[in-house]
Amino acid sequence: MIRFEGVSRRFAGAERPAVDGIDLDIAAGTTCVLIGPSGCGKSTTLRMVNRLVEPDAGRVLLDGRDVAEVDPVRLRRGIGYVLQGIGLFPHRNVAENVATVPRLLGWTRARIADRVDEMLDLVGLDPDAYRQRRPDELSGGQRQRVGVARALAADPDVLLMDEPFGAVDPVARDRLQEEVGEILRRLKKTVIIVTHDIDEAMRMGDRVVLMREGRIVQADTPDRLLAAPADRFVESFVGEDRALRRLALSQAGAIAVPGDPGDAPGVTAETSLKDALALLLSSGADHLAVTGSDAPAILTLAAIRDAASRRV
Ligand code: ADP
Ligand code: MG
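So the sequence shown is numbered by the working numbering: it starts at 6 and just counts up by one.
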């Protein structure tokens, strides 16, 4: 578990603190996304967890222990860190990059080689094809996959990701968010992700923390942030289309009801309500067949409308 207690940091010469009295709990095994306008203090907050930045007030606790009491080098070996684009060592091949922390920890060659292959498999890169490549022989998306593999190689409980997919084209980014999110949930890592991409925040966060000028404006589940923005700033940040964003977070199976679908177009129970709505509108049907369960089920336009405006 990660806890920020009254954490502040002002950089020399700055008018106001970059981070200004933050209190935040991040439960073990969950993903917390820090989001907000450029310069609001997201990266500074993140970097205080692995002591790349020191607070000048308050404490950051990792499993109950003040990180200020832990040797920074030791601390960082136990925390995975993924940066935008530039994170990999350019003159080392993929295997050497992934092996960085296991080597520092003194693992045997054989154990490292096994682990490198396991990690490359995990992030969807064929070890035989990619082990020997250098970072400049990879696409942006592949580089970020290697970055994630490297960060996870020594099996840290905590992972810090600073705009991890910022340098990746939109199509690859969608897939990466999906796949990496799935990996992190499965491995039950405690994760902090910094982003300014609201879709990424909604897709990857168990909780989303919206910051402004060094302070937390709202910390909530994605659904609550969209359904009940705390103020106008949050409302404008999450966007005019927040009803649609909420629909993107829910699946057809959740609001399907028993009924005879007739010859209505079909969706699976996992289809997002946003995609289901698009299909309803484009097909002109007033309901859809929800396939995949034993009993026939339908999804109606009215049910989608209720889901979009449901209070939480
Ligand atoms: P974000 O990640 O939300 O864009 P940062 O945490 O990087 O914001 O920065 C918050 C503020 O602190 C900004 O005004 C930035 O210019 C300043 N800042 C960040 N790092 C440093 C530093 N090492 N030295 C001086 N000022 C910094
Ligand atoms: Mg930043």
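Glycine included, every Cβ here is placed at the ideal spot set by N, Cα and C.
Values in this document were obtained by computation on a predicted structure and should not be read as measured data.
CB of residue 307 within 8 Å of CB of residue 277, strictly: no
Separation of residue 226 from residue 202, as counted between CA atoms: 16 Å
Nearest-angstrom Cα separation, counted from residue 282 out to residue 288: 10 Å
Residue 186: first and last residue of the uninterrupted beta strand (DSSP E) it sits in: Here residue 186 belongs to no beta strand (DSSP E); instead the alpha helix (DSSP H) covers 175-192.
Whole-angstrom C-beta distance between residue 169 and residue 198, which should lie under 8 Å: 7 Å
Nearest candidate by alpha-carbon position, reference residue 59, set 70, 42, 68 and 77: 77
Beta-carbon proximity list for residue 184, same chain, < 7 Å, skipping 5 on both sides: 129
Cβ pair residue 304, residue 257 closer than 8 Å: yes
Nonlocal neighbours in the same chain, by C-beta distance under 8 Å from residue 45, ignoring five residues either side: 216, 217, 218 and 219
Range covered by the beta strand (DSSP E) that runs through residue 36: 36-40
3-residue-minimum beta strand (DSSP E) runs that sit fully inside the stretch 28-85, ordered along the chain: 36-40 and 62-67
Proximity test, residue 43 beta-carbon vs the ligand ADP heavy atom, cut-off 7 Å: yes
Residue 137 burial status per 10 Å Cβ neighbour count (16 or more: buried): exposed
Closer than 7 Å: residue 243 CB and nearest the ligand ADP heavy atom: no
Per-residue burial, residue 107 [other beta carbons within 10 Å of its own, 16 or more giving buried]: buried
C-beta contact flag for residue 250 and residue 243 at 8 Å: yes
Whole-number beta carbon distance between residue 8 and residue 30, since they are thought to touch under 8 Å: 5 Å
Closest by C-alpha distance to residue 100, when choosing among 204, 135 and 112: 135
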